[in-house]
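Novice: Chains Z and F, in that order, are what the protein sequence lines are.
Sequence positions in the first sequence follow the numbering used here and run 1 to 387.
Sequence positions in the second sequence follow the numbering used here and run 1 to 111.
We treat Cβ as the ideally placed atom computed from N, Cα and C, and that holds for glycine.
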Amino acid sequence: MRGVSIIGIGTTPFGILEGKSLKEIATIACNEAIKEAGIEKEAVEAFYLGNFISGILLGQETIAPLVANSLGLPKQVPCTKVEGACCSSGIALRQGYLLVAAGLANFVLVAGVEKMTSATTEKNTEGLASAFDQETEGQTGLTFPGFFALIARRHMHQYGTKIEHLALVSVKNHGNSTANPRARFRKKATVEEVMASRMVADPLKLYDCCSISDGAAAAVLCPSDIAHQFSRKPIDILASAHTTGFSTTYEMDDPTILMATVMAAKKAYEMARLFPQDIHVAELHDCFTIAEIVDSEDLGFFEKGKGGFAVEDGLTQVGGKIPINPSGGLISKGHPVGATGLGQVYEIVKQLRGEHENQVRNAGIGLSHNLGATGQVCTVHIFKRRG
Amino acid sequence: MNMPGEERLTLLRCAGCGALHVPPKVLCPKCGHEVLLEHSASGLGNIYTFTTIWVAPEAFKKQVPYEIALVQLEEGIKVTARINKKPEETLQIGKPVKFLRKNNLGYWFEL
Numbered sequence: 001m002r003g004v005s006i007i008g009i010g011t012t013p014f015g016i017l018e019g020k021s022l023k024e025i026a027t028i029a030c031n032e033a034i035k036e037a038g039i040e041k042e043a044v045e046a047f048y049l050g051n052f053i054s055g056i057l058l059g060q061e062t063i064a065p066l067v068a069n070s071l072g073l074p075k076q077v078p079c080t081k082v083e084g085a086c087c088s089s090g091i092a093l094r095q096g097y098l099l100v101a102a103g104l105a106n107f108v109l110v111a112g113v114e115k116m117t118s119a120t121t122e123k124n125t126e127g128l129a130s131a132f133d134q135e136t137e138g139q140t141g142l143t144f145p146g147f148f149a150l151i152a153r154r155h156m157h158q159y160g161t162k163i164e165h166l167a168l169v170s171v172k173n174h175g176n177s178t179a180n181p182r183a184r185f186r187k188k189a190t191v192e193e194v195m196a197s198r199m200v201a202d203p204l205k206l207y208d209c210c211s212i213s214d215g216a217a218a219a220v221l222c223p224s225d226i227a228h229q230f231s232r233k234p235i236d237i238l239a240s241a242h243t244t245g246f247s248t249t250y251e252m253d254d255p256t257i258l259m260a261t262v263m264a265a266k267k268a269y270e271m272a273r274l275f276p277q278d279i280h281v282a283e284l285h286d287c288f289t290i291a292e293i294v295d296s297e298d299l300g301f302f303e304k305g306k307g308g309f310a311v312e313d314g315l316t317q318v319g320g321k322i323p324i325n326p327s328g329g330l331i332s333k334g335h336p337v338g339a340t341g342l343g344q345v346y347e348i349v350k351q352l353r354g355e356h357e358n359q360v361r362n363a364g365i366g367l368s369h370n371l372g373a374t375g376q377v378c379t380v381h382i383f384k385r386r387g
Numbered sequence: 001m002n003m004p005g006e007e008r009l010t011l012l013r014c015a016g017c018g019a020l021h022v023p024p025k026v027l028c029p030k031c032g033h034e035v036l037l038e039h040s041a042s043g044l045g046n047i048y049t050f051t052t053i054w055v056a057p058e059a060f061k062k063q064v065p066y067e068i069a070l071v072q073l074e075e076g077i078k079v080t081a082r083i084n085k086k087p088e089e090t091l092q093i094g095k096p097v098k099f100l101r102k103n104n105l106g107y108w109f110e111l
């Protein structure tokens with residue numbers, strides 16, 4: 001297997017991109033990544049595009065060749081859409097990584113895109129709920145805020161996590177994104193504001209939830225041994241892991257642990273020969289405040305049950321023991337579901353290049369964690385800057 | 001809600017390893033055995049965790065707010081279910097519940 005590096009990144013802002021189509025925003029992000037990599041479009045040998053619900057929301061499918069044609073990629077390039085709910089573009093990165101690592105291609109374009117804000121909240125909730133098993137749990141009217149609310153209440157019961165801990169995650173992430181020009185929300189929030197926001201799925205309130213957003217993000221991958229020819233600051237991918245969890249909540253022994261994350265993290269740390277304490281910055285899947293707490297434990301940053309207390313102690317802030325979501329995360333940067341995984345990678349690459357607007361000092365090793373559905377899908381990637 | 005449906009809680013028991021499952025299952029995901037036998041459950045359990053849904057998918061919009069719980073069944077496995085809660089009742093982790101019916105919205109339990 002060859003080493004794989006990132007030599008170019010591109011993105012749109014995340015948020016309400018009014019008047020811009022799915023095809024347009026995906027094209028913009030891809031074009032930026034290719035230009036940044038300094039390669040010709042003709043050099044791209046494969047294209048993976050992550051997307052979750054464009055079929056349901058927009059009636060638009062077959063979007064990988066659609067975007068490739070908009071971009072003007074050569075016709076011999078295989079273009080593949082990958083779907084794994086909110087983990088779709090984490091999988092796109094993983095597929096591109098595998099192709100380059102295996103020596104089957106030198107330059108691979110990976111991207112993610114979602115266009116959500118043109119549909120109503122109910123339509124989005126319905127589209128997202130398509131990731132439940134429609135033969136069982138999906139029939140009940142369970143929603144994703146509802147799924148994470150079930151976890152939140154159990155986490156509070158088992159470990160003494162407080163509702164204020166959840167609110168503090170939202171406060172931190174809103175604070176972080178004030179500096180991020182790509183974020184949907186740029187305004188600070190207070191604990192009181194979070195607690196007073198309207199109920200979505202008890203005990204989760206509006207400010208505990210990620211925001212429906214439009215957005216696209218992309219990256220160009222190549223073998224590590226030639227990466228310096230294209231980028232002054234290539235970022236090496238030390239690990240790429242992709243795992244599967246349970247499809248229904250009721251089959252989990254303990255839903256406060258998402259096993260797909262635990263297993264992906266274990267594989268990724270082994271592959272990178274690193275430990276959780278070696279990570280300098282992490283972008284993880286905070287689709288809800290409780291998710292950030294659970295993820296931070298499942299990734300090994302904190303002992304199970306201690307994630308909420310770690311937030312209270314400031315350990316996850318920029319400058320803390322393990323800065324989590326300095327971008328603002330899904331909660332405040334926004335969650336265009338199919339684009340999120342590569343949006344996280346964009347933020348980590350900026351951190352490791354030392355170019356981030358909310359820079360973690362001396363960030364040398366970064367981790368991204370992307371989760372889909374009921375923790376049915378998970379990818380974990382570990383990145384390193386050179387020198 | 002007095003909707004028609006199945007009045008008995010039926011699970012599946014694997015003829016190979018004895019594991020209990022919530023239907024439907026094509027085969028036992030634990031041991032791979034292809035024979036699963038219907039198993040009548042007591043219908044008794046307690047609340048493992050719960051939530052009230054205030055923002056629902058389009059098709060459930062008119063039912064808001066509604067309660068969903070993970071019910072820990074006496075038989076040892078869990079099931080996701082709607083809770084038929086009277087206005088004066090409150091849900092709590094550990095509270096006993098009993099099976100009411102199964103219909104197009106899945107399983108229903110009550111306190």
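Have a look at S368(Z) and N84(F) and give me their C-alpha separation to the nearest angstrom.
Specialist: Taking the straight line from one Cα to the other gives about 41 Å.
Novice: Tell whether a beta-carbon distance below 8 Å holds between T289(Z) and V100(Z).
Specialist: Taking 8 Å as the Cβ cut-off, T289(Z) and V100(Z) do not qualify as a contacting pair.
Novice: Using a Cβ-Cβ cut-off of less than 7 Å, list which residues of the region 300 to 316 of chain Z approach chain F; keep chain order.
Specialist: From the region 300 to 316 of chain Z, no residue has a Cβ closer than 7 Å to chain F.
Novice: What ranges does the alpha helix (DSSP H) occupy inside the region 200 to 244 of chain Z, keeping only unbroken runs of at least 4 residues that lie completely in it?
Specialist: 224 to 227, all fully within the region 200 to 244 of chain Z.
Novice: Pull the bridge partners of V82(Z) from the DSSP assignment, please.
Specialist: According to DSSP, V82(Z) bridges with G50(Z).
Novice: What is the rounded straight-line gap between the Cα of G55(Z) and the Cα of E270(Z)?
Specialist: Computed Cα separation, rounded: 37 Å.
Novice: Give the secondary structure of S21(Z) by DSSP, where H, G and I count as helix, E and B as strand, and everything else as coil.
Specialist: S21(Z) falls in the coil class under three-state DSSP.
Novice: Which word fits M1(Z), buried or exposed, when buried means at least 16 other C-beta atoms lie within 10 angstroms of its C-beta?
Specialist: Result: exposed.
Novice: Could you tell me whether the Cβ atoms of S260(Z) and G375(Z) are closer together than 8 Å?
Specialist: Here the sequence assigns Ala to residue 260(Z), which means Ser is not the residue at that position. Against a cut-off of 8 Å, the Cβ pair of G375(Z) and A260(Z) comes out as a contact.
Novice: Let's test the definition: count the other Cβ atoms within 10 Å of the Cβ of Q350(Z) and tell me whether it reaches 16, buried, or not, exposed.
Specialist: Inspection of the sequence shows that residue 350(Z) is occupied by Lys rather than by Gln. The residue is buried, with at least 16 neighbouring Cβ atoms inside 10 Å.
Novice: Which class does A131(Z) belong to by DSSP, given the choice of helix, strand or coil?
Specialist: Of the three classes helix, strand and coil, the one that applies to A131(Z) here is coil, per DSSP.
Novice: I need the DSSP call for N362(Z), collapsed to helix, strand or coil.
Specialist: Residue state, collapsed to three classes: coil.
Novice: If we count Cβ pairs, one from each stretch, closer than 8 Å, do we get three or more for the region 279 to 293 of chain Z versus the region 353 to 370 of chain Z?
Specialist: Touching, per the Cβ criterion.
Novice: Please confirm whether L49(Z) has its beta-carbon closer than 8 Å to some beta-carbon of chain F.
Specialist: With 8 Å as the cut-off, L49(Z) does not count as an interface residue toward chain F.
Novice: Under the assumption that V108(Z) contacts G96(Z) (Cβ atoms under 8 Å), give the Cβ distance between them as a whole number of angstroms.
Specialist: The Cβ separation is near 4 Å, so the contact holds.
Novice: Give the residues of chain F in contact with V200(Z), contact being defined as C-beta atoms less than 7 Å apart.
Specialist: Near V200(Z) (Cβ distances below 7 Å), the residues of chain F are W54, V55.
Novice: Buried or exposed for T10(F), going by 16 or more other Cβ atoms inside 10 Å?
Specialist: The residue is exposed, with fewer than 16 neighbouring Cβ atoms inside 10 Å.
Novice: Any chance you could list the beta strand (DSSP E) runs of at least 3 consecutive residues sitting entirely within the region 45 to 82 of chain F, in chain order?
Specialist: Segments of the beta strand (DSSP E) lying fully in the region 45 to 82 of chain F: 66 to 73.
Novice: In three-state terms, what does DSSP make of S412(Z)?
Specialist: Nothing in the structure corresponds to residue 412(Z), since chain Z is present only between 1 and 387.
Novice: Mark R198(Z) as exposed unless 16 or more other C-beta atoms lie within 10 angstroms of its C-beta, in which case mark it buried.
Specialist: Label assigned to R198(Z): exposed.
Novice: Return no unless some Cβ of chain F is closer than 8 Å to the Cβ of Q351(Z).
Specialist: No, Q351(Z) does not count as interfacial toward chain F.
Novice: When DSSP labels each residue in this structure, what does N106(Z) get in the three-state scheme?
Specialist: Residue state, collapsed to three classes: coil.
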